[in-house]
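Here the structure is laid out as structure tokens; the discussion comes afterwards.
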Amino acid sequence: MRRKYVVGNWKMNLVLSEATALVEGLKDGLSKDLTVDVGVCPPFVLLAPLSKVVAGSPIELGAQNCYFEPKGAFTGEISPQMLKDVGCSTVIIGHSERRHVFGETNPLLKKKIQAALAAGLKVIYCVGEKLDEREAGRTEAVLHEQLHEVLGADISLAQVTIAYEPVWAIGTGKTATGQQAQDAHAYIRREIEKLYNSQTAQEVRIQYGGSVNAANAQELMSQPDVDGALVGGASLKVNDFLGIIKGAMAATGA
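In structure tokens form, the structure reads like this:
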């Protein structure tokens, strides 16, 4: 059975004092018999100090992005090796904001995933459609492109989680229904089977990301193909994020 995986993507939020208080609050509030995996992805400048704060806790430390080169003249970029060195175990690649605000393409994201895996990081690879694409009936076509142009035989999914983020539901207050999320996740799993095999498709975790909150977390993560959540705004407040983690645990029957 796939273990639920709940990750907070803080985006460009919080200074060190706020971030430290948040992580300390999570450590205090997490169940001693935690039955799900939990991570946080702070901004780059907070990673090194927070690696000391999460030490000894079940909270994984992740980053929100990386470049595909190990070092060099790439002003403003961060390499996977640098992330590993400051205590990161995970990196988000292909978040919709990286695609749509910064123009990142599928070929670039493929290079980033390969570089991150080679450096020993786990990857959360994000896919998802915009509102106009959904309304035009192109959800599956968009997902097909994002999966088939990036994944394949040259990328092992053993250390990769897929995050489905319907872009129309991010920060809008709109949330996919449990059935809408399940339909998209089931499609992604079928495409993974085509790209790899049935065992890989059954083992890979697929998170939902799109206005997840404590009220809808259990319903979303009770869907058979929804294996966790990539949480934005609700991960910035201790009680909100703990509520989502509790929802994930309830969805597993814990």
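Residues 1104 to 1357 (my numbering) make up the sequence shown, in order. The beta carbon of each residue, even a glycine, is placed where N, CA and C say it ideally should be.
C-beta atoms of residue i and residue j nearer than 9 Å
i, j, result
"A1279", "V1109", "no"
"A1222", "S1182", "yes"
"S1338", "W1113", "yes"
"I1309", "T1264", "yes"
"L1129", "V1329", "no"
"L1254", "K1213", "yes"
"G1312", "I1273", "yes"
"V1270", "G1111", "no"
"V1143", "L1164", "yes"
"G1356", "N1319", "no"
"L1211", "F1171", "yes"
Residue nearest to residue i in terms of C-alpha spacing, selected from the options
i, options, result
"T1123", "L1149, D1140 and V1141", "L1149"
"S1134", "K1155, I1162, L1153 and F1147", "I1162"
"K1155", "V1189, V1139 and A1176", "V1189"
"Q1321", "K1340, T1303 and A1284", "A1284"
"G1197", "N1209, C1191 and L1186", "N1209"
"E1252", "E1294, Y1267 and A1272", "E1294"
"C1191", "E1232, G1231, L1220 and G1240", "L1220"
"V1118", "P1145, R1105, A1354 and V1226", "P1145"
"I1291", "L1246, V1143 and L1323", "L1246"
"K1107", "Q1326, G1336, G1335 and D1131", "Q1326"
"Y1228", "Y1267, P1173 and K1187", "Y1267"
"H1288", "L1323, G1142 and K1277", "L1323"
"N1168", "A1244, G1175, E1200 and V1157", "E1200"
"K1233", "K1225, A1244 and L1224", "A1244"
"R1237", "G1206, D1286, A1218 and G1175", "D1286"
"I1216", "R1105, V1194 and Q1282", "V1194"
"V1127", "F1344, T1355, A1304 and K1187", "First, the residue type needs correcting, since residue 1127 is Glu and not Val in the sequence shown. Checking every option, the nearest Cα to that of E1127 belongs to F1344."
"N1116", "M1352, K1225 and G1336", "G1336"
"V1226", "D1235, A1261, F1147 and R1202", "A1261"
Where the beta strand (DSSP E) containing residue i begins and where it ends
i, result
"T1193", "T1193 to I1196"
"G1165", "I1162 to A1166"
Range covered by the alpha helix (DSSP H) that runs through residue i
i, result
"L1212", "N1209 to A1221"
"T1123", "L1119 to G1132"
"I1291", "G1281 to L1298"
"A1354", "V1341 to A1354"
"S1078", "Summary: the structure shown does not reach residue 1078, with the chain confined to residues 1104 through 1357, and so no result is reported for it."
"E1172", "That residue, E1172, is in no alpha helix (DSSP H); it is neither H nor E in DSSP."
"A1244", "T1242 to H1251"
"E1238", "L1234 to E1238"
"L1149", "F1147 to V1157"
"E1322", "A1320 to M1324"
"D1188", "P1183 to D1188"
DSSP beta-bridge partners of residue i
i, result
"C1229", "A1266"
"Y1108", "D1140 and G1331"
"I1309", "I1265"
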